[in-house]
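Here the structure comes first, spelled out in C-alpha cells, and everything after it is commentary.
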Amino acid sequence: MLAIFLINSWMVTFCSIMFMVFISMLSFNQYFSNIMNYIFLYNNISLLLVFLSILLVGLCFISTPENKKPLYMMCLLSLLFILIIVFSVNNVLLFYIFFEASLIPTLLLIISWGYQPERLQAGSYMMLYTVCASLPLLMILLYWSYNEGSFMMYLSMSYDNFYKTMSFFVYLAFLVKLPMYTCHLWLPKAHVEASLAGSMILAGILLKLGGYGLIQMNYIFNISGDKSIFLIFIMSLSIWGGLLASLMCLRQVDMKAFIAYSSIGHMALVIVGILNDQVWGILSSIITMYAHGLCSSAMFCIAYYSYMKVRSRSLMHMKGLLQIYPMLSFFWFFLCSINMAVPPTLNLLGEMFIIPSLWSLSIMFIFVMGLMIFFSGVYNMYLYTSINHGVYSKYMLYSTPMNKFQYVSLMMHMFPMILFLKLELFFFQKKYIVELQNQCFSVLSYSEMNLINKFLHMKMIMLHQRNVSIKLLLKTQHDGFY
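Residue numbers (the working numbering): 690 to 1171.
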C-alpha cells in the first residue's frame, strides 16, 4: 500500500504483489511455517488460501492494466491485507472482525466500478444477507471465549457441551457466505453487477471464507461429528440445492449469472464434505475450494474478455466466436473442460475423493451427486457451443485481437493447477494425515491378509491333492503286487 501513496506506480504495486506470491510459496516449507505458528495460525489450508489470495489479487492487476487509479489499487490491496489476516489469525474475535471487514472493499468494488445502476441493489443484497446471518455468530463466539477463558483457536480445548440449538447460527454465517442454496440470491446479483476484479475476488476467494470458517468452527465446537438430524438435513438440502443450481444454469442467458450458479453447484460439494467430518470429505473440500477458486476466476476473466469483443453478455447475441477469435475459443474450451472436471484436473480429484464420504451417509447422496456431475458436463458443453459455434450475430461489434496481458492472465490461472502433483499441501491437520494413513494401512493390511489366506488355502489344497495322488499310486501298486 505504500507504493500507492509514495510512488503511485502500477508497476511497483504489481511487483510487490508478485514478491508476496513468492513469499507465500516459501511458507509451504514446513520449517519456515513452524516458526510462524507461535504468532499466527499457519497450517496447510491457511497457507494455501493465503497463496490463492495473493495470486488472484495479482491477476486482478494483470487483467485490468487500464485501471490504474489509486483508489482502485487501494481497494484491492486493503482487501488482500484483510484476507491474509483472516486466513492467518489465531484469535476468534479478530477472525470475526476481519471476516466482516472483507465486505467493505468488496462493496466498494461493486458500487464504484460496476456497470449498471442496479449495482446499488446488488451491494445491499450482499450486505444484508451476510451481515444479518453473521451477527449471532459474534454472540456465540463471545460466549464461547468467556467459558474457555481464551480467544485462541488451537490453544483452547474443544467445547463439547455446546448447546445444540446454537449450532444453526454457527453454520448460518458461513452457509450464507459460501453460499448454500436458498441463501444464494445475493450471489448472482453481485456477480452480474460487479466489475471484473470484483467478480474474480468474490468467486475466487470470498466464497472460500465460508468453507474455511466451517472447518475452523468444526474444530472449535465439534458439532459436526454427531450426525444429528439437523446436520443430515443441511447436507441433504445442500446437495439437492447443488443439483437445482446445475439445472438453473441451463436457463440462464447472462454469462456471469451462468458462472455464478455454476459456483453454487460446486460449493454444495464443499458443504457436504466439510460437515460430514471425515478425512476424505475434508480433503475433497480443500481441493475443490482451491480448484474452484482458480477456475471460476478464470471463467469470469474470459467472460469479460468476450464481453469486450462483443459488447454483450447475452448468450443469444454471442455466437460464432470460433470463426473470428479462435484463440479465445481455445481458452473457452480449456476452461469449460476444467469446470466440468475432466481428467487430470484438480476438480476431478475433488469429486472423486468425496465419493467415500458420501457413501458412508447414504447411497442417495451418490445418486444425486451423479446427476450433478452429469448436468455439470451438460451445461458446460452448452455454454461452450452457445458462445463459439453457430453463425455470429449481426449485432456483434468487431474488435482487436486478444492482447498479451489477456494471454498472460489466463495462463497464470491455469499454471497453479499443477499443484495436484503435490497433494500433501492439501492436508491441514496432523490428525487427518494419521487417520488417512491408518485407513490406507488397514486397507493394505486387509489385502495382504487376504493374499496370505488365499495362498495358504491354495497350498493346503495342493498338499491335499498330492496326498490323494500318493495314496492312489500306493493302492495301485499294492493291487498289482497281489
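We put the beta carbon where it would ideally sit given N, CA and C, even for glycine.
It should be emphasised that the depicted structure is a prediction, and the values quoted were computed from it without experimental measurement.
query                                                                                                          : result
For Val778 and Phe787, believed in contact at Cβ under 8 angstroms, the rounded distance                       : 7 angstroms
Glu1040, enclosing alpha helix (DSSP H) - first and last residue                                               : 1035 to 1048
Alpha helix (DSSP H) segment containing Tyr1068, residue limits                                                : 1052 to 1077
Cβ distance (whole Å) where Leu748 is taken to contact Ser986 below 8 angstroms                                : 7 angstroms
Where Met1091 falls: helix, strand or coil (DSSP)                                                              : coil
Bounding residues of the alpha helix (DSSP H) (the contiguous stretch that carries His873)                     : Looking at the DSSP string, His873 is not in any alpha helix (DSSP H), and its letter there is neither H nor E.
Expected contact under 8 angstroms - CB spacing of Cys984 and Ile1027 to nearest Å                             : 5 angstroms
Buried or exposed by the 16-neighbour rule on C-beta atoms within 10 Å, applied to Tyr993                      : buried
Where Asn965 sits in the DSSP three-state scheme                                                               : helix
Closest Cα partner of His880 within the set Ile800, Asn911, Gln967, Met978                                     : Ile800
Residue environment, Trp1048, which counts as buried when at least 16 other CB atoms sit within 10 Å           : exposed
Three-pair Cβ contact test at 8 angstroms for the region 802 to 814 versus the region 822 to 837               : no
Span of the alpha helix (DSSP H) around Val781                                                                 : 781 to 790
Top-ranked residue by Cα proximity to Thr1074, from Leu817, Val961, Met944                                     : Met944
Cβ pair Gly962, Ser952 closer than 8 angstroms                                                                 : no
Val959 beta carbon less than 8 angstroms from that of Gly902                                                   : no
Same chain only: Cβ atoms within 8 angstroms of Met924, ignoring 5 sequence neighbours per side                : Ile960, Val961, Leu964, Asn965, Leu1050, Phe1054
Segment limits, alpha helix (DSSP H) that includes Leu741                                                      : 733 to 752
Length of the line joining the Cα atoms of Ala949 and Leu885                                                   : 13 angstroms
Whole-number beta carbon distance between Thr795 and Ile890, since they are thought to touch under 8 angstroms : 7 angstroms
Nearest-angstrom Cα separation, counted from Tyr804 out to His1078                                             : 27 angstroms
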